[in-house]
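K.L.:
Let me begin by handing over the structure; questions about it come next.
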Amino acid sequence: MTLRSTLAELFGSAFAELGLDPTLGDVVPSQRPDLGQFQCNGAMAAARAAKRNPRDIAAEVASIVEADARIATLEIAGPGFVNIVVTDEYLAEATSLTAGDERLGVSPIDGEAHWILDYGGPNVAKELHVGHLRTAIIGESFKRTLRFAGARVTGDVHLGDWGVQMGQLLVEVRNEQPELIYFDETYRGPYPEESPVTIGDLQRLYPISAAKTKSEPAYAAAARLATVDLQSGRPGYRALWQHFRDVSVEAISQVYDDLDVGFDVWLGESSVHDRIGPMVERLESMGVAEESDGAVVVYVSAPEEEHQIPPLMLVKSDGGYAYATTDLATIEERVEDLEGSGAIYFVDARQSLHFEQVFRAARRGGIAPDPFVLEHAKIGTVNGLDGTPLKTRDGDLPLLRDLLADIEAIAIASMDAKGLADDYPAAERSAIAWLVGMAAVKFGDLSNHRTSSYIFDLERFSSFEGKTGPYLLYVAVRITSLLKKAGEQSIGPGPILPPARDVERALLLKISEFPDAVERAITLRAPNHVAEYCYELSGAFNRFYEQCHILSEADPDLRGSWLAIAGLTRRVVVTSLDLLGISVPERM
RNA sequence: GCCCGAGUAGCUCAGGGGAUAGAGCAACUGCCUCCUAAGCAGUAGGUCGCAGGUUCGAUUCCUGCCUCGGGCGCCA
């Protein structure tokens, strides 16, 4: 129960008392802080249905609500706005309640639901590149936020580990090292535990094999054959493939670890391979899958639909499965094995048609029962300064590893230039630089809406000032330092007193908005609401800090109250940052 | 051609049917004898792409148009 929702309930029951819809009593933070702290706009909406003057309704609602001891003033303004100011006593009381709640006022959501989140999608043999950045950051944040609200969540990396690229790699490795035991069809194992290839080898070979597949039909045929052999279980191929997967997972998880992005399961395309055959057969026998031009497809548009969308390709005319097939089988896995109640895909918006097709096919084929939620949370692209997807000078997608190293270097340069933390141990200093860089990247990403493509400008990261991740770290660190100093002077927090200054009231009101930001982030699948909130809260604290000099305050009760407020602010900031996947250093 | 998304301050972007549309950067002006100036305060900057519609009220919802980006059966 939050301050805002308490008021909404209060107004709701007043509307109900007048025989009007209680949802009209919704209360929101005021858009005109000069006129009030909160506002209720329901009277204007009610006026039409009730065929009455909105100001009259507002007046009647106000006269009921006014009696409540928590309300300081109510004013009717304009066409029928009710501007609300709560008493300082109640504001203090509500803040104490928040401080006493482990979830800081966020109400727990349905703990029965089990959400499967898909925000990985890296491929074996390919390093994580900038295209993986947004999905990882946003998905991770959403996972943490859902979990904070008490939901059961499983993050699946969904590795691309089973397509024709695997066949291509097998062929290319054979070209380079034909003597390897894995290619000897007469050999009966066991195979070496040591991988014959490194992740570096795979990254080198992958583009070569991809290029040859394009230009040499015979090579492409060999790759397809190898893929089929792999998938049908040829032991040498399986063993070699396992090495491909292992070395790739090691490299991939290293970068995810650096990003502090985690997955609960490392499933992938290969883990649903055995499901595909039976699934296709079942869809065919149901009449959902049909033969068309030598391929097997699922029609996903009803004939009468005005805008037809193309059918989903299940089996290509060469007998191979399409990647939509794998995605369909993955849904089945998520329903049956993972026992999910829904799956949310944090994936590039450009794949929206693909997901539309897959989701429709999953419904038609009964793979996803009706209550199972299927949702594509569209992610915008990371663009360069020219507004097109970010590329290196060679035209490749920049590797995440390189990008993060650049950011770290910028953070160090920035610290050097400002002479920050120059008396700290070198190891701590570089740890701080890393956290500052990560905060900059993540906040820069998360403060944009999920669906919008934004311009990633390294230059802009060279200054960690203004609305940036480091600004938020700075607030948390400032408070840590403040609390430490207070402790050294044996000053402790006390009960939160009714606020007497505007900056203090503004801070307490902002603290009370945390649950609304979290709720919005969850329902809209949009962590930018938490990011935006955290920035606003930080600003409110900095203004408070500027005007209320805590440690030199003579009144011990006031000092204790302010210290408690500072401590609570820190908790909310650190919690918000944690929901964004951003870690805070002890000092900076 | 059809579908999806975007168009808001010089730049990068927020914005929940409500009042006077916000932030950061860049520009200009102040504030470190005082808990971290990675900070705070202030000035300036807008026909919210265009035209209609719904509504007491539209940047927000609907329709059309313009511009840009993306997607559209055998790549994944």
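Numbering-wise (the numbering used here), the first sequence opens with residue 12 and increments by one.
A virtual CB, placed ideally from N, CA and C, is assigned to each residue, including glycine.
What you are looking at is a predicted structure, and each value in this text was computed from that prediction instead of being measured.
Could you tell me how far apart the beta carbons of Arg-163 and Ala-136 are, in whole angstroms, since I believe they sit closer than 8 Å?
P.N.:
In fact, because the Cβ distance is near 33 Å, the residues do not count as touching under 8 Å.
K.L.:
Using C-beta distances below 6 Å, list every residue in its chain close to Leu-170, excluding the 5 sequence neighbours before and after it, in chain order.
P.N.:
The answer, listed in chain order, is Gly-279.
K.L.:
Within 10 Å of its beta-carbon, does Asn-64 have 16 or more other beta-carbons around it, so buried, or fewer, so exposed?
P.N.:
Burial call: exposed.
K.L.:
In chain order, what are the residue ranges of uninterrupted beta strand (DSSP E) at least 3 long that sit wholly in the segment 299 to 386?
P.N.:
With a minimum length of 3 residues, the continuous beta strand (DSSP E) runs that stay inside the segment 299 to 386 are 300 to 303, 306 to 309, 323 to 326 and 353 to 359.
K.L.:
Return the residue from the list Asn-52, Tyr-248, Trp-126 and Leu-115 that minimises the CA-CA distance to Leu-157.
P.N.:
When each option's Cα is compared against that of Leu-157, the closest is Trp-126.
K.L.:
Among Ser-501, Arg-516, Ile-576 and Arg-598, which residue has its Cα nearest to the Cα of Asp-434?
P.N.:
If we check each option's Cα against that of Asp-434, Arg-598 comes out closest.
K.L.:
So is Gln-179 buried or exposed if we call it buried at 16+ other beta carbons inside 10 Å?
P.N.:
With 16 or more other Cβ atoms within 10 Å, it is buried.
K.L.:
Report buried or exposed for Gln-368, applying the criterion of at least 16 other Cβ atoms within 10 angstroms of its Cβ.
P.N.:
Burial call: buried.
K.L.:
On the criterion of 16 or more Cβ atoms from any shown chain inside 10 Å, does Leu-535 qualify as buried, or is it exposed?
P.N.:
Per the 10 Å Cβ criterion, exposed.
K.L.:
So, Leu-29 versus Glu-71, is the Cβ gap smaller than 9 Å?
P.N.:
Yes, the Cβ-Cβ distance between Leu-29 and Glu-71 is below 9 Å.
K.L.:
Got a sec? Which residues, its chain only, sit under 7 Å from Ser-425 by beta carbon, not counting five neighbours each side?
P.N.:
These residues qualify, in order along the chain: Ser-473 and Phe-475.
K.L.:
Pairing CB atoms from the segment 446 to 463 with CB atoms from the segment 144 to 153, are three or more of them under 8 Å?
P.N.:
Contact holds: three or more Cβ-Cβ distances are below 8 Å.
K.L.:
Taking only the alpha-carbon atoms, compute the straight-line gap between Gly-89 and Lys-495 and give it to the nearest angstrom.
P.N.:
If you take the alpha carbons of Gly-89 and Lys-495, they lie about 49 Å apart.
K.L.:
Run through the segment 225 to 284 for me and flag every whole alpha helix (DSSP H) of 4 or more residues, listed as ranges in chain order.
P.N.:
Runs of the alpha helix (DSSP H) inside the segment 225 to 284: 228 to 242 and 246 to 270.
K.L.:
Name the two residues that bound the continuous alpha helix (DSSP H) containing Phe-49.
P.N.:
First-last for Phe-49: 49 to 51, but that is the beta strand (DSSP E), not the alpha helix (DSSP H).
K.L.:
For His-318, count the other beta carbons within 10 Å of its own beta carbon; 16 or more makes it buried, fewer makes it exposed. Which is it?
P.N.:
Exposed, because fewer than 16 other Cβ atoms sit within 10 Å of the Cβ of His-318.
K.L.:
Within the chosen definition, does the segment 195 to 205 reach the segment 291 to 305 through at least 3 CB pairs nearer than 8 Å?
P.N.:
No, because fewer than three Cβ pairs between the segment 195 to 205 and the segment 291 to 305 fall closer than 8 Å, the two stretches do not touch.
K.L.:
Thinking C-beta only, is Gly-480 closer than 9 Å to Phe-454?
P.N.:
Going by C-beta atoms, Phe-454 is nearer than 9 Å to Gly-480.
K.L.:
Where Ala-7 and Leu-139 are concerned, what is the direct C-alpha to C-alpha distance, given to the nearest angstrom?
P.N.:
With the chain represented from 12 up to 599, any question about residue 7 goes unanswered, as that position is not in the structure.
K.L.:
According to DSSP, Gly-395 sits in a beta bridge with which residue or residues?
P.N.:
Paired residues: none, contrary to the question.
K.L.:
So, at 8 Å on beta carbons, what are the nonlocal neighbours of Ala-354 in its own chain, with the 5 sequence-adjacent residues on each side left out?
P.N.:
The residues are Trp-126, Ile-127, Leu-128, Asp-129, Ile-342, Arg-345, Phe-383, Val-384, Leu-385 and Glu-386.
K.L.:
In terms of DSSP beta bridges, what is Glu-86 paired with?
P.N.:
Glu-86 is bridged to Asn-94.
K.L.:
Can you give the Cα-Cα distance for Ala-222 and Asp-268, rounded to whole angstroms?
P.N.:
Looking at the two C-alpha atoms, the distance is approximately 31 Å.
K.L.:
Provide the residue span of the alpha helix (DSSP H) that contains Val-522, from first to last.
P.N.:
Sequence inspection shows Ile at residue 522; the Val mentioned does not correspond to that position. Note, Ile-522: alpha helix (DSSP H), 513 to 523.
K.L.:
Val-96 and Phe-49 - do their beta-carbons sit closer together than 9 Å?
P.N.:
Yes; because the gap between Cβ atoms is below 9 Å, this pair is in contact.
K.L.:
Counting C-beta neighbours from all protein chains within 10 Å, is the total for Ala-532 16 or more, i.e. buried, or is it exposed?
P.N.:
Ala-532 is buried by the Cβ-count criterion.
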